[in-house]
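Residue numbers (this note's numbering): 11 to 973.
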Amino acid sequence: MTDQTETHTHPGQEAAGPSHRYDAQMADAIETRWQSVWAEQGTYRVPNPGEPGFDASKPKFYCLDMFPYPSGAGLHVGHPEGYTATDIICRYKRAKGFNVLHPMGWDAFGLPAEQYAIQTGVHPAVTTRKAIDNFRRQLQRFGFCYDWSREFATIDEDYYRWTQWIWLRIYHSWYDRRQDKARPIEVLISMLESGEARVTSSGDIAQQGEESHDHAQPWDRIDTERRKSIIDNARLAYLAEQTVNWCPKLGTVLANEEVIDGRSERGGHPVLRWPLKQWMFRITSYADRLLRGLDDVDWPHSTKTMQREWIGRSEGAYIDFPAGRRRIRVFTTRPDTVFGATYMVLAPEHPLVDELMPEKYGDTVPRSWVAQGFDGAAELRDSTVSPMGVIGAYRAYVAGRSDLERTTDDKVKSGVFTGAYAINPVNDERIPIFIADYVLMGYGTGAIMAVPGQDQRDWDFAETFGLPILRTVQPTEGFDGKAFTGEGHAINSGFLDGLEVEPAKTKIIAWLQEHKHGKRAITYKLRDWLFSRQRYWGEPFPVVHCEGETHHGVGFDALPVVLPELDDYTPIEGAEPRSMLDNAPEWVTTSAGDAHVEGLPAGAPVRRETNTMPGWAGSCWYYLRYCAPGCSSRFVDKAAEEYWMGEGGVDLYIGGAEHAVLHLLYARFWHMVLHDLGEVSSSEPFRKLFHQGLILSHAFQRKDKSLVPMDEVEERGEGTYIETATGEPVAQIIAKMSKSLKNVVNPDDIIEEFGADTFRLYEMYMGPLEASAPWNTRDTIGLYRFLQRAWRLVIDEEAGTLTLRDAPDDGTEKLLHRTIAKVGEDIEQLSFNTAIAAMIEFVNAASKAGGLSSDQLDRFARVLAPFAPHLAEELWSRLGHPPSIVDAPWPAFDDAMLTDDEVELPVQILGKVRAKITVPADADQKAVESLALQNERIAALLEGKTVRKVIIVPGRLVNIVAN
RNA sequence: GCCGGAGUGGCGGAAUUGGCAGACGCGACGGAUUCAAAAUCCGUUUCCCGCAAGGGAGUGAGGGUUCGAGUCCCUCCUCCGGCACCA
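Rendered as structure tokens:
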């Protein structure tokens with residue numbers, strides 16, 4: 011890229027040379043001309059069922075790109091990589107007789123737009139619209155075959171009205187565990203009224219057939235306020251006090267998926283834990299379905315694995331350990347090891363800790379138990395501080411540590427003794443209860459039974475604290491490790507002794523259930539989805555609050571709840587969480603009548619919810635809106651949705667792997683709820699998913715691994731670079747494109763220099779679509795030359811006229827058939843780099859053979875069209891066809907043309923090629939063998955040797971084993 | 001640490017899935033054309049030995065299976081991505 015600036019003479023911009031050469035000006039003229047013809051003729055407009063021009067006899071193909079977030083920086087070269095791939099597929103599918111839906115739009119709400127607005131002082135609505143216009147212009151310049159009549163942005167009132175509508179539908183739903191699906195909340199209410207579902211003393215809802223230890227309370231004896239709270243707690247969108255990820259710098263809370271190593275995914279700012287009342291989605295109800303659904307979709311293995319791990323299903327058991335008057339419930343995947351539970355650990359925040367700890371430690375408590383593994387632990391061991399003091403000190407220590415410190419720093423496990431004991435229900439042993447931060451409140455029950463003999467973490471803790479270790483699984487012969495986590499038979503385990511792990515689990519679970527000490531259980535790592543943000547630039551929640559704690563959904567006919575104009579949306583750094591929309595008091599204050607709230611007097615004053623939805627909201631259902639973006643009566647027209655989303659949803663979805671557990675999990679959740687409510691036809695939204703690789707760039711690295719911006723480096727001869735300021739050598743490495751490294755390539759520049767067709771070909775030729783590769787502007791010339799040669803093959807560069815031969819050349823004809831077959835196959839497999847290589851070979855060979863006939867060009871143009879649509883359209887038109895080539899069918903090929911009459915076979919001796927023989931394609935093995943052995947060179951080399959064996963692979967090779 | 005994925009010329013990458021390693025493109029070198037350059041065209045281009053014919057080595061390292069391994073198996077190294085005390 012350093013040499014880019016030196017290239018004053020762009021190959022295409024030179025005026026010299028023949029006047030009808032395919033150069034940058036001509037590429038520009040051809041491309042812009044056909045783009046306007048396509049726009050005028052509506053070439054890429056795709057009718058829906060029932061509309062004029064719709065052909066119901068064709069199969070459908072819905073091909074989706076991840077819609078871009080229109081940033082002020084404009085299109086990155088990474089965007090058109092995936093977009094070109096889908097463009098090729100769509101053009102090919104259309105030529106193969108499919109009705110192809112290929113839409114584009116804008117993911118326009120979100121944090122970056124708001125931050126950009128804060129920086130520039132211009133309202134995000136203004137900057138975002140401008141960015142959208144720029145993105146659209148850039149995408150259109152690539153000649154992508156999007157049906158632009160379906161374009162929309164998530165910030166359009168007409169769109170986010172339905173985002174709010176879907177949110178309300180989820181709000182008005184609950185999860186019916188017996189039917190394993192979401193149902194309207196009214197169904198739950200009538201079930202409660204009829205007694206089909208009951209409220210337990212703990213406030214949970216037990217459906218008929220579900221066991222409950224509690225006594226149910228009759229619904230009609232519960233007061234109205236409590237009834238509402240019970241109903242509200244059952245909703246799939248619910249308000250809950252949560253310890254949230256609060257990012258003071260961004261001025262908002264974040265979802266778990268948006269926090270990486272204690273920092274915000276966007277910006278890398280510190281994230282704190284903060285208790286806050288927030289809107290949540292009960293995505294955990296869908297954990298199992300989100301998991302099972304992955305089995306039926308054609309997605310990259312790695313992405314499925316990531317989602318599976320994120321959902322994190324574990325099978326095991328709950329076991330209740332009596333402790334004083336209470337019972338401590340633990341979750342374990344190894345109930346078979348319960349006889350080896352020599353102590354228990356609760357998470358530091360566990361609510362039972364305060365109830366259990368005694369006023370002072372017993373006299374027999376070893377001092378080593380009191381505290382270990384943190385600053386001040388030694389002093390606590392030597393003091394006479396009460397359990398309460400010790401626990402308080404430990405909790406303070408834990409609270410001051412980030413997740414990152416907690417998981418990376420610890421060499422020794424930290425924790426303190428609560429002074430309390432529990433009883434192991436299987437053997438009535440009295441075991442001490444500790445608190446330690448290696449046990450997480452957010453997983454399982456926040457409490458564990460510690461089995462040091464079979465768990466390395468427990469082993470480490472037991473060693474540090476001097477706790478007993480008991481093996482309950484016989485380690486394999488010669489095992490010299492610490493905790494044994496492998497297979498083996500039970501020992502020291504009473505009635506389980508002798509059983510292997512699996513049967514022991516089965517037996518102990520049966521025993522626990524029989525004696526009411528526990529039961530089979532499944533837990534998930536997946537947490538409910540935190541959906542509130544305190545930012546301005548997002549969809550307002552269609553909810554109002556009245557006196558006290560109660561909230562009400564806005565009436566469906568009062569949508570959209572329009573985002574108010576706001577002048578100041580700068581986050582107040584360091585302050586506690588506060589919503590930006592609190593700055594719009596006139597908007598916040600409204601009446602029940604105004605918000606069409608049912609069940610309240612019209613004049614009742616209510617306050618609007620001032621949190622907004624996160625950036626993910628709009629992308630959770632945009633693929634549905636594309637089916638019928640103009641539909642005003644519904645979020646998507648039913649018939650259009652059934653047609654385009656039928657047979658498993660979107661047929662091909664291409665986008666980056668960075669959304670593996672964010673957008674791709676969230677969208678599946680929304681889709682499943684909508685499916686349950688009868689609003690969409692498929693159970694999964696995206697049948698086939700594919701991730702394109704990253705387009706990387708070069709960067710320079712100092713000896714200390716720090717990076718140097720591109721413009722501060724000079725090249726000193728082949729492959730050696732120095733930093734201009736210091737004269738120190740720097741190493742060229744491959745890195746992501748970034749503004750700070752000044753190694754970003756702007757697509758506009760490349761198009762100006764070579765044209766869009768060259769750009770498209772280059773990106774597809776860089777390597778396999780799924781692989782990441784560094785951008786090399788230098789290499790683009792190869793694809794430009796290919797187009798020039800293709801042009802020169804049939805156009806006289808002096809006269810500018812089509813020059814075709816009358817009689818086709820046999821070799822060229824044969825190769826054309828092979829090229830058609832190869833390119834078609836490769837497109838189906840998304841192997842565009844090899845398809846392009848095949849076309850280059852064809853053009854090179856045809857040039858040598860003396861050109862193409864009219865009929866051959868006709869077919870070749872159609873093969874080229876998906877890749878270089880503008881040049882192909884130009885050639886098509888010069889052949890006398892009216893536009894557009896996209897309506898021309900994919901050319902046929904003849905199988906007979908794919909095989910040769912004669913083949914050249916390598917003849918190997920002991921695996922080394924020593925000669926080549928030419929044999930008829932249908933020659934039998936004996937004939938091939940004798941031809942090989944008769945070959946002069948082979949015969950000479952075999953002189954004095956014994957032929958042991960002759961291996962003949964028909965059509966491939968001959969290998970002679972001789973010694 | 002665990003789970004994925006990948007290591008092939010100077011570079012990007014091919015290789016019909018166990019059958020001629022390096023297709024195609026870039027770059028480089030040589031030649032033609034040109035006053036000259038650009039562009040274009042022709043040729044060479046994995047490395048080593050050799051004037052050549054030819055020979056030898058070679059797909060991250062080592063071992064194995066096989067007539068035959070870039071491809072399959074085992075051990076190890078490096079890079080990229082994900083997860084990370086999940087009981």
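For every residue, glycine included, the Cβ atom is placed at its ideal position computed from N, Cα and C.
Fill in: Beta-carbon proximity list for LEU260, same chain, < 7 angstroms, skipping 5 on both sides
Numbered from 1 along the first sequence, position 250 holds the residue referred to as residue 260. Here the set comprises LEU121, SER274, GLY277, HIS279, PRO581.
Item to complete: In angstroms with no decimal places, state the Cα-to-Cα distance between MET316 and GLU668.
Response: Residue numbering aside, residue 316 sits at position 306 when the first sequence is read from its first letter. Residue numbering aside, residue 668 sits at position 658 when the first sequence is read from its first letter. Roughly 11 angstroms between the two C-alpha positions.
Practice prompt. Return the chain-ordered list of same chain residues with a C-beta closer than 7 angstroms to the C-beta of TRP654, the five sequence neighbours on each side being excluded.
Written response: Here the question's residue 654 lines up with position 644 in the first sequence. Hits under 7 angstroms: LYS70, TYR72, LEU111, CYS637.
Worksheet item: Is the segment 677 to 687 in contact with the segment 207 to 222, if contact means three or more CB pairs nearer than 8 angstroms?
Response: no
Worksheet item: Cα separation between THR9 and LYS238?
Response: Since the displayed the chain opens at 11 and closes at 973, residue 9 lies outside it and no answer follows.
Worksheet item: By Cβ distance below 7 angstroms, which residues in the same chain neighbour GLN523 in space, the five residues on each side in sequence not counted?
Response: Position 513 of the first sequence, counted from the first residue, corresponds to residue 523. Answer for GLN523: LYS529, listed in chain order.
Worksheet item: Distance, Cα to Cα, ARG335 vs PHE551?
Response: As a first step, residue 335 must be located in the first sequence, where it is residue number 325. As a first step, residue 551 must be located in the first sequence, where it is residue number 541. Each residue's Cα considered, the two are about 44 angstroms apart.
Discussion item. Using only the alpha-carbon positions, how far apart do ASP166 and LEU85 sit?
Written reply: Your numbering for residue 166 matches position 156 in the first sequence. Your numbering for residue 85 matches position 75 in the first sequence. Approximately 21 angstroms, taken between the alpha carbons.
Fill in: Close beta carbons around THR137, own chain, < 8 angstroms, minus the five adjacent residues each side
Along the first sequence, read from residue 1 onward, the residue named residue 137 stands at position 127. Closer than 8 angstroms at the Cβ level, and outside the excluded window around THR137, lie GLY82, ALA123, TYR126, ALA127, THR130.
Worksheet item: Thinking just about the alpha-carbon of each residue, which of GLY386, VAL380, ALA333 is nearest to the one in SER7?
Response: Coverage of the chain is limited to positions 11 through 973, which leaves residue 7 absent and any answer about it impossible.
Practice prompt. Indicate the three-state DSSP secondary structure (helix, strand or coil) for THR12 in the structure shown.
Written response: As a working note, residue 12 is residue 2 in the first sequence. Because the pLDDT of THR12 is 30, which lies under 50, any placement of that residue in the model is unreliable, and the number read from its coordinates should be weighed accordingly. Three-state DSSP puts THR12 in a helix.
Worksheet item: Can ALA800 and PHE152 be called in contact, C-beta distance under 8 angstroms?
Response: The residue labelled residue 800 in the question sits at position 790 within the first sequence. The residue labelled residue 152 in the question sits at position 142 within the first sequence. It is not a contact, given that the beta carbons lie outside the stated cut-off.
Worksheet item: beta strand (DSSP E) containing ARG975: first to last residue?
Response: In the structure as shown, the chain begins at 11 and stops at 973. Residue 975 is therefore absent and cannot be evaluated.
Practice prompt. Please check the pair SER707 and VAL755, which I expect to be a contact at CB under 8 angstroms, by giving their CB distance rounded to whole angstroms.
Written response: The residue given as residue 707 occupies position 697 in the first sequence. The residue given as residue 755 occupies position 745 in the first sequence. With 8 angstroms as the limit, SER707 and VAL755 qualify as a contact, their Cβ atoms being about 7 angstroms apart.
Practice prompt. For ASN109, write down the residues that DSSP places opposite it in a beta bridge.
Written response: In the first sequence, counting from the first residue as 1, residue 109 sits at position 99. The partner list for ASN109 (beta bridge, DSSP) reads LYS70.
Fill in: Contacts around ASP721, its chain only, beta-carbon distance under 6 angstroms, and the 5 residues preceding and following it disregarded
In the first sequence, counting from the first residue as 1, residue 721 sits at position 711. Once the five neighbours on either side are set aside, the close Cβ partners of ASP721 are LYS752.
Practice prompt. Look up THR96 in the DSSP assignment and say whether it is helix, strand or coil.
Written response: Within the first sequence, numbered from 1, the residue matching residue 96 stands at position 86. Reduced to three states, the DSSP call for THR96 is helix.
Worksheet item: Taking DSSP as the reference, what is the three-state secondary structure of THR234?
Response: Working through the first sequence from its first residue, we reach residue 234 at position 224. The answer is helix: DSSP assigns THR234 an H, G or I state.
Worksheet item: For TYR663, which residues does DSSP report across the bridge?
Response: To locate residue 663, count along the first sequence from 1; it is residue 653. In DSSP, TYR663 forms a bridge with LEU74, LEU699.
Discussion item. I need the DSSP call for VAL281, collapsed to helix, strand or coil.
Written reply: The residue given as residue 281 occupies position 271 in the first sequence. Reduced to three states, the DSSP call for VAL281 is coil.
Worksheet item: Going by Cα to Cα distance, which pick from SER894, GLU203, PRO879, ARG947 is closest to ALA95?
Response: Counting from one through the first sequence, the residue named residue 95 turns up at place 85. The shortest Cα separation from ALA95 among SER894, GLU203, PRO879, ARG947 belongs to PRO879.
Worksheet item: Would you call THR262 buried or exposed, if buried means 16 or more other Cβ atoms sit within 10 Å of its Cβ?
Response: Here residue 262 refers to the residue found at position 252 of the first sequence. Counting Cβ neighbours within 10 Å, THR262 comes out buried, since at least 16 surround it.
Practice prompt. Following the continuous alpha helix (DSSP H) through PHE679, name the residue where it begins and the one where it ends.
Written response: For the purposes of this step, residue 679 is identified with residue 669 of the first sequence, where counting begins at 1. PHE679 -> alpha helix (DSSP H) spans 673 to 686.
Practice prompt. For the beta strand (DSSP E) holding GLU725, just list the boundary residues, first then last.
Written response: To locate residue 725, count along the first sequence from 1; it is residue 715. First-last of the beta strand (DSSP E) with GLU725: 723 to 725.
Worksheet entry | Cross-strand partners of PRO739 (DSSP beta bridge) | Here the question's residue 739 lines up with position 729 in the first sequence. Answer by DSSP bridge pairing, in chain order: ILE732.
Fill in: Given 8 angstroms, three or more beta-carbon pairs between the segment 839 to 848 and the segment 896 to 906
no
Discussion item. Please report the straight-line C-alpha distance between VAL363 and PRO228, rounded to a whole angstrom.
Written reply: Sequence index remark: in the first sequence, residue 363 carries index 353 (1-based). Sequence index remark: in the first sequence, residue 228 carries index 218 (1-based). Whole-angstrom Cα-Cα distance: 33 angstroms.
Worksheet item: CB GLU763 to CB ALA34, shorter than 8 angstroms?
Response: Locating residue 763 in the first sequence gives position 753, where the first residue counts as 1. Locating residue 34 in the first sequence gives position 24, where the first residue counts as 1. Yes. Within cutoff.
Worksheet item: What is the C-beta distance between GLY115 and TYR632, in whole angstroms, given that I count them as a contact (C-beta under 8 angstroms)?
Response: For this step, residue 115 is matched to residue 105 along the first sequence. For this step, residue 632 is matched to residue 622 along the first sequence. Indeed, because the Cβ distance is near 6 angstroms, the residues count as touching under 8 angstroms.
Discussion item. Between TRP320, TRP158, TRP175, which has its C-alpha nearest LEU684's C-alpha?
Written reply: Within the first sequence, residue 684 is the residue found at index 674, counting from 1. Ranking TRP320, TRP158, TRP175 by Cα distance to LEU684 puts TRP175 first.
Fill in: Among LEU610, GLN217, GLY658, the one whose alpha carbon lies nearest that of THR560
On the first sequence, residue 560 is found 550 positions in, with the first residue counted as 1. That would be LEU610, whose Cα lies nearest to the Cα of THR560.
Worksheet item: Which residue spans inside the segment 425 to 452 form an unbroken beta strand (DSSP E) run of at least 3?
Response: 425 to 433, 440 to 445
Item to complete: Please confirm if the segment 139 to 155 is in contact with the segment 923 to 933, defined as three or more CB-CB distances below 8 angstroms between the two stretches.
Response: no
Worksheet item: Who are the Cβ neighbours of GLY372 in its own chain at under 8 angstroms, not counting the five residues just before and after it?
Response: Locating residue 372 in the first sequence gives position 362, where the first residue counts as 1. GLY429.
Worksheet entry | Residues that DSSP places opposite VAL923 in a beta bridge | Indexing the first sequence from 1 puts residue 923 at position 913. Its beta-bridge partners are GLN918.
Item to complete: Please name the residue, chosen from VAL375, ILE664, LEU576, that lies closest to LEU704 on a Cα-to-Cα basis.
Response: Start at 1 with the first residue of the first sequence, and residue 704 comes out as number 694. It is ILE664 whose Cα lies nearest to the Cα of LEU704.
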